[in-house]
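Here is the structure we will look at.
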Amino acid sequence: KQEVTQIPAALSVPEGENLVLNCSFTDSAIYNLQWFRQDPGKGLTSLLLIQSSQREQTSGRLNASLDKSSGRSTLYIAASQPGDSATYLCAVPATGTASKLTFGTGTRLQVTL
Amino acid sequence: DGGITQSPKYLFRKEGQNVTLSCEQNLNHDAMYWYRQDPGQGLRLIYYSQIVNDFQKGDIAEGYSVSREKKESFPLTVTSAQKNPTAFYLCASSGGGAALSGQPQHFGDGTRLSIL
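Top to bottom, those sequences are chains Y and S.
Count along the first sequence from 1, then add 174; that gives the number in my numbering.
Count along the second sequence from 1, then add 7; that gives the number in my numbering.
Structure representation (structure tokens):
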């Protein structure tokens, strides 16, 4: 059964810092991995989706990498801003499926002035 | 603008009552999903549907029911059999039909359900 772990559970950094969020998964036979952002009381916003054949994806100040063999992904946020404060979740398809996602519990990020 | 609309934003349930959460999408997506989110836990899949008139149970389907009569709509009913319904409920959709791999999921803004 696929399990997803995110470390750390919470992170506070000063504005301008570069930071890395970690995601690990137990079953490396995945189709893709998706990173989401969730603001308090809101739904999830898709940030990046990495296909299993890719090693990384970039969108603006965000860069996500995927290492299937080691069961790990990282989300790199460059030059963090207070507006980046949110919970970041990663998700991979459950074992044997392409559609049913298994989510981590998220990393709660606070960027301070 | 295309997107997913969930209503109501807040919902209260009395003892023994069934309540229905609405989810509508205008993204022309084939697949739709219902998740439950509890504090300190990841999202858990309740039900999902890959095409109209077809749906499958997720990991925590007991006490819930769904229908998929139209492509745009995937309502979730929380029945009285669900003894701990207080949670944040999220609806999502994705394109790709039966293939489904490589398609990101898009989410609505959620419905917060509480017990009176």
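No residue lacks a Cβ here, since even glycine has one placed at the ideal position from N, Cα and C.
Answer yes if the stretch 253 to 265 of chain Y comes into contact with the stretch 191 to 204 of chain Y, meaning at least three C-beta pairs across the two stretches below 8 Å, and no otherwise.
yes
Closer than 8 Å at the beta carbon, the chain Y residues around G115(S):
G217
Quick one: what's got a C-beta closer than 8 Å to G280(Y)'s C-beta in the same chain, skipping five residues either side?
Q180, A183, Q212, T261, Y262, L263
Below 7 Å between beta carbons is the criterion; list the residues of the stretch 187 to 215 of chain Y that meet it against any residue of chain S, in chain order.
Y205, N206, Q208
Taking only the alpha-carbon atoms, compute the straight-line gap between K90(S) and Q24(S) and give it to the nearest angstrom.
In this structure, the CA atom of K90(S) is about 11 Å from the CA atom of Q24(S).
Proximal residues to Q225(Y) (C-beta, below 6 Å), its chain only, five neighbours per side dropped
N206
For P256(Y), three-class secondary structure by DSSP
The answer is helix: DSSP assigns P256(Y) an H, G or I state.
Could you check what DSSP says for F210(Y) in three-state terms: helix, strand or coil?
DSSP, read as helix, strand or coil, puts F210(Y) in strand.
Could you tell me whether any Cβ in chain Y is nearer than 8 Å to the Cβ of G102(S)?
no
Looking at the structure shown, is R51(S) part of a helix, part of a strand, or coil, going by DSSP?
strand
Rounded to the nearest angstrom, how far is the Cβ of L97(S) from that of L18(S), given a contact under 8 Å?
The C-beta distance from L97(S) to L18(S) rounds to 14 Å, too long to meet the 8 Å contact threshold.
Apart from the five residues just before and just after S233(Y), which ones in its own chain have a Cβ nearer than 8 Å to its Cβ?
L221, L222
Rounded separation between D66(S) and G215(Y) - CA only
Taking the Cα positions, D66(S) is about 23 Å away from G215(Y).
Integer-rounded CB distance, given that G117(S) should sit under 8 Å from Q13(S)
6 Å
Roughly how many angstroms lie between the CA atoms of A286(Y) and K175(Y), to the nearest whole one?
With the sequence shown as reference, residue 286(Y) is identified as Thr, and Ala is not the correct amino acid for it. Whole-angstrom Cα-Cα distance: 38 Å.
Quick one: which chain Y residues come within Cβ less than 9 Å of A94(S)?
In chain order: nothing, as chain Y lies at least about 13 Å away.
Would the beta-carbon of R49(S) fall within 8 Å of that of G278(Y)?
Reading off the sequence shown, one finds Gly at residue 49(S), where the question assumed Arg. Yes. Within cutoff.
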